[in-house]
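Structure first, then comments.
Protein chains: 2
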Amino acid sequence: MSMEFLWGARAQPTRGPKPSLTLLQITDAAIAVADAEGLAAVSMQRVSAELGFTKMSLYRYLPGKGELVALMAERAIGTPPPPNPGDWGAALREWAHGLLTAYLRHPWALEATVGPRPLGPHELGWLECALTALADTGLSGSERLDAIAVLAGHVRMIAQQAAAMRDPDAQFSAGVVAVLAEHGDRFPLLAATMAAVAVEGGQDQAFEFGLDRILDGLQTLIASRRKALR
Amino acid sequence: MSMEFLWGARAQPTRGPKPSLTLLQITDAAIAVADAEGLAAVSMQRVSAELGFTKMSLYRYLPGKGELVALMAERAIGTPPPPNPGDWGAALREWAHGLLTAYLRHPWALEATVGPRPLGPHELGWLECALTALADTGLSGSERLDAIAVLAGHVRMIAQQAAAMRDPDAQFSAGVVAVLAEHGDRFPLLAATMAAVAVEGGQDQAFEFGLDRILDGLQTLIASRRKALR
DNA sequence: TGAAACAGTGTCCGGTGGACACAATTAGGG
DNA sequence: CCCTAATTGTGTCCACCGGACACTGTTTCA
Chain A
21 MSMEFLWGAR AQPTRGPKPS LTLLQITDAA IAVADAEGLA AVSMQRVSAE
71 LGFTKMSLYR YLPGKGELVA LMAERAIGTP PPPNPGDWGA ALREWAHGLL
121 TAYLRHPWAL EATVGPRPLG PHELGWLECA LTALADTGLS GSERLDAIAV
171 LAGHVRMIAQ QAAAMRDPDA QFSAGVVAVL AEHGDRFPLL AATMAAVAVE
221 GGQDQAFEFG LDRILDGLQT LIASRRKALR
Chain B
21 MSMEFLWGAR AQPTRGPKPS LTLLQITDAA IAVADAEGLA AVSMQRVSAE
71 LGFTKMSLYR YLPGKGELVA LMAERAIGTP PPPNPGDWGA ALREWAHGLL
121 TAYLRHPWAL EATVGPRPLG PHELGWLECA LTALADTGLS GSERLDAIAV
171 LAGHVRMIAQ QAAAMRDPDA QFSAGVVAVL AEHGDRFPLL AATMAAVAVE
221 GGQDQAFEFG LDRILDGLQT LIASRRKALR
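If you read the sequences in order, they're chains A and B.
According to the numbering used here, the first sequence is numbered sequentially starting from 21.
According to the numbering used here, the second sequence is numbered sequentially starting from 21.
What follows is the structure, encoded as structure tokens:
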């Protein structure tokens, strides 16, 4: 998975037959497969068949599958929302919402962006966008990066949870409830909490809840920093 | 990946040859491989070879690879720290530290616990432990679960970051710096921030930073709830 | 009009998870 | 006491995966 591939301008050659495909076509076909059947269904075979070619032809456009997945992720994550000058809290809110929307639209993007990997332009664009929001907060450089990391981590966690809910089998709550029916005595608080949640209803506020807590915590820090400066 | 497998008491049969292996032996062998070479190196072939058997023999003990990974994850995550009555903040701090320690000790446990999956006893034990800490906070059931989710998400994000740093190739900062040297003009704030961080030094506070922010945010909410009750 | 560069195909390889039939082993019941 | 039934471990087979490589055809520049 070379870094140059995501960033380098691939100068098209002049000699030889015209390529029948485009990186964009290939990436879109792969994304279509992933949207419909998940990232596991994306194989060189499958993607090339979707385009009417053999799998080895794809290697004329891509060094390997890793680069394909990286391109898919870049395209899925898209471009960040326009900067919202002034209110850093509202800007980060919008940022987190946008990121979550992208992850919800392409749930496989979560799997495609785990672990050490070369970062693409879009991904750095999101980073830059969040840094713009934090520009006038008085935080240090590493604090800003850490704050963004916390937010991004929350967004990813929520997106994972949402994907788990969408999955027909292995329903989280159903599975836990079934287990608690048998071994509830080993987890009394959990059993009580699940029962309480079932009565309360409206438990889809997880994203906003965490977002509020994190932004509140940041607000506390930023306020104290500003007071110290004065 | 059946739920019963992680929870059910597998009654041993009486007739037939004595089994040469144990689920525990198999799991430990797989964990040893994963610790040394990552989760990708864990295959039925590899694990069985490590034990001196053929791969198909493992299927006498496990329905499939999914169950093996689930057992590995359960064993890697271990048991939660003892409850710390009184101070919910300190208890959650300890909880998060313990979880992070487990993830740092077995980095592959991150990959092994993504996506919808049956939750094992240990995993529910950690949940129960965190709920114990939140028992007297006046939060609602879903709020407690959401708070735990935010914390767990932060721990996982930090562990992922640490694993990415450990990885010799695809060094995050090095790769970003290299890209910024070329395209820094497209990401001015990011370039400036990276430069500032390099001067500041000591950027390993990401975990504590996020933990502080989240706990601060929770503190704000809990205080307001208590004031409202009074 | 070559010759060089490039596109797409076919074949092969080692690896994966897993189904299935089989021989070997063991314990319980007649 | 022995035989039958249950269970273990093995060997073979399959489909699929990512990828290396040689090859044929096509296109364009010198």
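For each residue, glycine too, the CB sits at the ideal point set by N, CA and C.
Three-state class that DSSP yields for residue i in the structure shown
i: A:Val53; result: helix
i: A:Phe227; result: helix
i: B:Gly109; result: helix
i: B:Met214; result: helix
i: A:His117; result: helix
i: A:Gly195; result: helix
i: A:Phe73; result: coil
i: B:Lys38; result: coil
i: A:Leu82; result: coil
i: A:Asp156; result: coil
i: B:Ala31; result: coil
i: B:Arg246; result: helix
i: A:Arg233; result: helix
CA-to-CA distance, residue j to residue i, given in whole angstroms
i: B:Phe25; j: B:Glu87; result: 7 Å
i: A:Met21; j: A:Met64; result: 16 Å
i: A:Ala167; j: A:Pro37; result: 50 Å
i: A:Arg233; j: A:Leu171; result: 10 Å
i: A:Ala215; j: A:Arg246; result: 44 Å
i: B:Val67; j: B:Gly118; result: 28 Å
i: B:Ala50; j: B:Ile242; result: 43 Å
i: A:Lys85; j: A:His142; result: 19 Å
i: A:Tyr123; j: A:Ala198; result: 29 Å
i: B:Leu59; j: A:Ser244; result: 44 Å
i: B:Gln180; j: A:Pro136; result: 8 Å
i: A:Ala52; j: A:Ala93; result: 12 Å
i: B:Asp48; j: B:Glu131; result: 17 Å
i: A:Ser77; j: A:Val217; result: 53 Å
i: B:Phe229; j: A:Leu238; result: 10 Å
i: B:Gly16; j: A:Asp224; result: Coverage of chain B is limited to positions 21 through 250, which leaves residue 16 of chain B absent and any answer about it impossible.
i: A:Glu19; j: A:Pro33; result: Shown here, chain A extends from 21 to 250; a query on residue 19 of chain A therefore has no answer.
i: A:Arg206; j: B:Ile178; result: 30 Å
i: B:Asp236; j: B:Pro127; result: 28 Å
i: B:Gln45; j: B:Tyr81; result: 11 Å
i: B:Glu202; j: B:Arg186; result: 25 Å
i: A:Pro39; j: A:Arg30; result: 13 Å
i: A:Thr133; j: A:Gly140; result: 11 Å
i: A:Glu57; j: A:Gly72; result: 19 Å
i: A:Thr240; j: A:Val196; result: 36 Å
i: B:Glu114; j: B:Glu220; result: 28 Å
i: B:Pro102; j: B:Leu231; result: 20 Å
Beta-carbon contacts of residue i that lie in its chain and below 8 Å, excluding the five residues immediately before and after
i: B:Leu249; result: Gly158
i: A:Leu154; result: Trp108, Leu112, Arg164, Ala167 and Ile168
i: B:Arg125; result: Ala96
i: B:Ala61; result: Val53 and Ala54
i: B:Gly145; result: Thr99 and Pro100
i: B:Ala226; result: Ile178 and Gln181
Endpoints, alpha helix (DSSP H) assigned at residue i
i: A:Val62; result: A:Val62 -> no alpha helix (DSSP H), and no H or E assigned at all.
i: B:Arg206; result: Segment: none, B:Arg206 is in no alpha helix (DSSP H) and carries neither H nor E.
i: B:Arg186; result: Gly161 to Arg186
i: A:Thr152; result: Pro141 to Ala153
i: A:Ala90; result: Lys85 to Ile97
i: A:Leu26; result: Met23 to Trp27
i: B:Leu130; result: Trp128 to Ala132
Beta-carbon proximity list for residue i, same chain, < 6 Å, skipping 5 on both sides
i: B:Gly204; result: Ala211
i: B:Val175; result: Ala116, Leu119 and Leu120
i: A:Ala194; result: none
i: A:Leu43; result: Tyr81
Close beta carbons around residue i, own chain, < 7 Å, minus the five adjacent residues each side
i: B:Pro138; result: Met21, Met23, Leu26 and Ala90
i: A:Thr74; result: Ser68
i: B:Ala110; result: Asn104
i: B:Ala182; result: Leu124
i: B:Glu148; result: none
i: B:Leu200; result: Phe207, Leu210, Ala211 and Met214
Using a Cβ cut-off of 8 Å, which residues of the stretch 159-171 of chain B contact any Cβ in chain A, in chain order? The stretch 159-171 of chain B vs chain A, Cβ under 8 Å: Ser160, Gly161, Ser162, Glu163, Arg164, Leu165, Asp166, Ala167, Ala169 and Val170.
Which residues of the stretch 89-118 of chain B have a Cβ closer than 9 Å to any Cβ of chain A? Give them in chain order. If the cut-off is 9 Å between Cβ atoms, the stretch 89-118 of chain B has nothing near chain A.
Using a Cβ-Cβ cut-off of less than 8 Å, give me the residues of the stretch 230-250 of chain B that come near chain A, in sequence order. For chain A, the residues of the stretch 230-250 of chain B that bring a beta carbon within less than 8 Å of one of its beta carbons are Gly230, Asp232, Arg233, Ile234, Leu235, Asp236, Gly237, Leu238, Thr240 and Leu241, in chain order.
Taking a cut of 8 Å between CB atoms, which residues from the stretch 24-53 of chain B lie near chain A? Closer than 8 Å at the C-beta level to chain A, one finds these residues of the stretch 24-53 of chain B: Trp27.
Mind checking the stretch 133-153 of chain B against chain A and listing, in chain order, the residues whose C-beta falls within less than 8 Å of any C-beta there? Along the stretch 133-153 of chain B, the positions whose C-beta sits under 8 Å from a C-beta of chain A are Val134, Gly135, Pro136, Arg137, Pro138, Leu139, Pro141, Leu144, Gly145, Leu147, Glu148, Leu151 and Thr152, read in chain order.
Scan the stretch 55-70 of chain B for residues whose Cβ lies nearer than 8 Å to a Cβ of chain A and list them as they occur along the chain. Listed in sequence order: no entries.
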